[in-house]
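Here the structure comes first, spelled out in structure tokens, and everything after it is commentary.
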Amino acid sequence: MPILIVVNNVKEWPFHIPGVAVVDAWSYLTQPEYATMRAVKLFNLCKSYRYQTAGYYVTLLAMARGHKPLPSITTIQDMKSQTMVRFVSDDLDDLIQHTLAPIHSDDFTLSVYFGRNLAKRYDRLSLHLFNLFQAPLLRAEFSRQAGRWQLKSLSPIPVGEIPEPHHAFVIREATGYFGGRRGAVRKRSSPKYDVAILHNADDELSPSDKKAVDKFAKAAGGLGLRTEIIGRDDYARIAEFDALFIRETTQVNHHTYRFARRAATEGLVVIDDAESILKCANKVYMAEVLSCSKVSTPKTLIVHRDNIDEIGRTLGFPCVLKQPDAAFSQGVVKVENEQTLAERVEEYLSKSELLIAQEFLPTTFDWRIGICDGQPLYACKYHMASGHWQIVNHDDPGARKYGRFETIPVEIAPRHVVRAARKAASLIGNGLYGVDVKQTNGECFVIEINDNPNIDAGVEDKILKEELYRRIMEVFLRRIERRKAGIDAA
Numbered sequence: 254m255p256i257l258i259v260v261n262n263v264k265e266w267p268f269h270i271p272g273v274a275v276v277d278a279w280s281y282l283t284q285p286e287y288a289t290m291r292a293v294k295l296f297n298l299c300k301s302y303r304y305q306t307a308g309y310y311v312t313l314l315a316m317a318r319g320h321k322p323l324p325s326i327t328t329i330q331d332m333k334s335q336t337m338v339r340f341v342s343d344d345l346d347d348l349i350q351h352t353l354a355p356i357h358s359d360d361f362t363l364s365v366y367f368g369r370n371l372a373k374r375y376d377r378l379s380l381h382l383f384n385l386f387q388a389p390l391l392r393a394e395f396s397r398q399a400g401r402w403q404l405k406s407l408s409p410i411p412v413g414e415i416p417e418p419h420h421a422f423v424i425r426e427a428t429g430y431f432g433g434r435r436g437a438v439r440k441r442s443s444p445k446y447d448v449a450i451l452h453n454a455d456d457e458l459s460p461s462d463k464k465a466v467d468k469f470a471k472a473a474g475g476l477g478l479r480t481e482i483i484g485r486d487d488y489a490r491i492a493e494f495d496a497l498f499i500r501e502t503t504q505v506n507h508h509t510y511r512f513a514r515r516a517a518t519e520g521l522v523v524i525d526d527a528e529s530i531l532k533c534a535n536k537v538y539m540a541e542v543l544s545c546s547k548v549s550t551p552k553t554l555i556v557h558r559d560n561i562d563e564i565g566r567t568l569g570f571p572c573v574l575k576q577p578d579a580a581f582s583q584g585v586v587k588v589e590n591e592q593t594l595a596e597r598v599e600e601y602l603s604k605s606e607l608l609i610a611q612e613f614l615p616t617t618f619d620w621r622i623g624i625c626d627g628q629p630l631y632a633c634k635y636h637m638a639s640g641h642w643q644i645v646n647h648d649d650p651g652a653r654k655y656g657r658f659e660t661i662p663v664e665i666a667p668r669h670v671v672r673a674a675r676k677a678a679s680l681i682g683n684g685l686y687g688v689d690v691k692q693t694n695g696e697c698f699v700i701e702i703n704d705n706p707n708i709d710a711g712v713e714d715k716i717l718k719e720e721l722y723r724r725i726m727e728v729f730l731r732r733i734e735r736r737k738a739g740i741d742a743a
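Take any residue in the sequence shown, note its place counting from 1, add 253, and you have its number in our numbering.
Written out as structure tokens, the structure reads:
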């Protein structure tokens, strides 16, 4: 398996590691040769993994291309989460106090190189941190308050900040890691059949209304599962449950993501899982993974500052621009000419180094195919809002307008639409997804895959009714039972 190390600037890479290729981030993101490589181990050693920077996109697109990046996008988000850092500090408290007890100062920095530290006495703590935050070069900052040590922050170590005396150690540990040395992440499971449903009744864009949430709870009860509706203040209680069902609008920099990560760490069955949230939240990832998997989509261009001139020439006008984290028809604009295009591109690129441009395919409705555990459950036609080109019209902030809907049996929905939706969903995972597909001139084009899809009483359940809720809760039951039997379940 080829091994790539990605850095911001190859000239700043001071090491020689046999059998490893070093490439700069921009080349990896933009050169076709890297997009077509297969079975790649990728080590992202960029200076920053901050959201929507080059370092962030290296890992995101590596995932889309089927490469194996370290750190993963999940680890990147965890490193930035103070909630996750506090949780880990509490979880490793005994080890932290024991390891750092001999230190006299009130601040301490631990450098973790592929799970190891130069000083043997810090090896166990280094390995535990690496198991939880698998970043190749990891800096952990600790401080002592009221006589007790606490983990305060985690960040990548820029290559240029590795001291010269550490170089030989880094080369040795990197070579050993590439040869297969790896720690194991601890997991635990809960003994009860309890399902937590994370739901915010005050969320205007909630994926399920109260009536639908009640139907999920009723269906679960019929299967012998106890449910409890929880909110964001119940984070510390996650370990009490066997499964977490997120029925609240998900975002990456948000408590829903932290709930998903914490639940997975505690051994719960989770829908929506953190990886699905990350993948579905970013249009750039989605464009890359659909392209690499030969899924039919509208003509799409991943835009950066070096290829802006290609947009109009490749896609024509009108075309559609999408912010990477656009959702609910927001952050998506139709542009009619070069002037508007230039203005919008500049606006979007000021927030993210990459964005999406797509050809405009006018249709009167989008198909929404609901899929859970790989199986199609419902088929809806979401019609465009009256006089608008999207299913939701946000032009008047005080009066959001929706198009009408039609729900039909999956069995009579166009087979090629359902087939395309299933393939697209499989690229994200095996959770609960809503796949949007446009059908025009006898062809179908996948627009996007949504985690946390809408399931509202009287809409998506119009055909299956109570059976829809039962089928989804059956997935939880099967996965809990498999996990309790010692068989891994997502």
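Don't be surprised by glycine CBs; every beta carbon is placed ideally from N, CA and C.
Residue i versus residue j - alpha carbon distance
i    : j    : result
Q335 : T660 : 42 Å
C299 : A288 : 18 Å
R735 : E519 : 16 Å
P322 : I256 : 10 Å
H641 : A632 : 22 Å
E599 : V585 : 14 Å
I270 : K294 : 14 Å
E265 : G413 : 7 Å
I644 : K587 : 14 Å
F698 : R597 : 25 Å
L237 : A354 : Look at the range of the chain in this structure, 254 to 743, and you will see that residue 237 is not part of it.
F422 : P389 : 13 Å
C545 : W279 : 19 Å
K718 : R724 : 11 Å
T283 : I530 : 25 Å
L594 : V260 : 32 Å
K333 : P267 : 27 Å
R566 : N560 : 11 Å
H636 : T693 : 14 Å
P629 : V505 : 26 Å
D359 : E286 : 49 Å
I349 : V712 : 52 Å
Residue i, enclosing beta strand (DSSP E) - first and last residue
i    : result
V588 : 583-588
I482 : 479-483
W402 : 401-409
E394 : 390-398
A449 : 447-451
A496 : 496-499
Under 8 Å between C-beta atoms of residue i and residue j
i    : j    : result
G319 : R339 : no
L568 : K552 : yes
I329 : Y310 : no
G627 : P706 : no
A516 : I491 : yes
K691 : V548 : no
D344 : A710 : no
D619 : D689 : yes
D277 : N297 : no
T362 : L378 : no
L371 : F383 : no
F729 : F512 : no
D486 : L521 : no
E606 : A307 : yes
D714 : Y686 : no
F386 : Y430 : no
D455 : G682 : no
Neighbourhood of residue i by C-beta, 6 Å cutoff - its chain only, sequence neighbours within 5 removed
i    : result
E541 : L314, A317
T550 : L543, F698, V699
K634 : F618, E659
T745 : The structure shown does not extend to residue 745, since the chain spans only 254 to 743, so no value can be given for it.
I830 : In this structure the chain extends from 254 to 743, so residue 830 is not present and cannot be described.
H508 : R485
Residue range of the unbroken alpha helix (DSSP H) whose run includes residue i
i    : result
V466 : 463-475
G429 : 420-431
I725 : 719-737
V598 : 591-602
R515 : 508-518
A274 : Here A274 belongs to no alpha helix (DSSP H); instead the beta strand (DSSP E) covers 274-277.
E606 : Per DSSP, E606 belongs to no alpha helix (DSSP H) and is neither H nor E.
Cβ shell of residue i (< 8 Å), same chain only, five flanking positions each side left out
i    : result
E589 : F570, P571
R439 : For R439, the pLDDT reaches just 38, beneath the cut-off of 50, and the residue's location in the model is therefore unreliable, although a value from the coordinates is still provided. Closer than 8 Å at the Cβ level, and outside the excluded window around R439, lie N384.
E612 : P551, K552, T553, L568, G569, C572, V573
H419 : S364, Y366, L371
Contacts around residue i, its chain only, beta-carbon distance under 7 Å, and the 5 residues preceding and following it disregarded
i    : result
L602 : R558, L608
Y375 : T352, L363
Any C-beta of chain D under 8 Å from that of residue i
i    : result
V448 : Annotation note: the requested chain D is absent from the structure, which comprises a single protein chain.
Alpha helix (DSSP H) runs contained entirely in the stretch 297-381, provided each spans 4 or more residues: 307-317, 326-333, 335-344, 346-353
If we require 4 or more residues per run, which alpha helix (DSSP H) segments fall completely within the stretch 531-575? 536-545, 563-568
Let me know the beta strand (DSSP E) ranges lying completely inside the stretch 626-702, each 3 residues or longer, listed in chain order. 628-636, 658-661, 685-693
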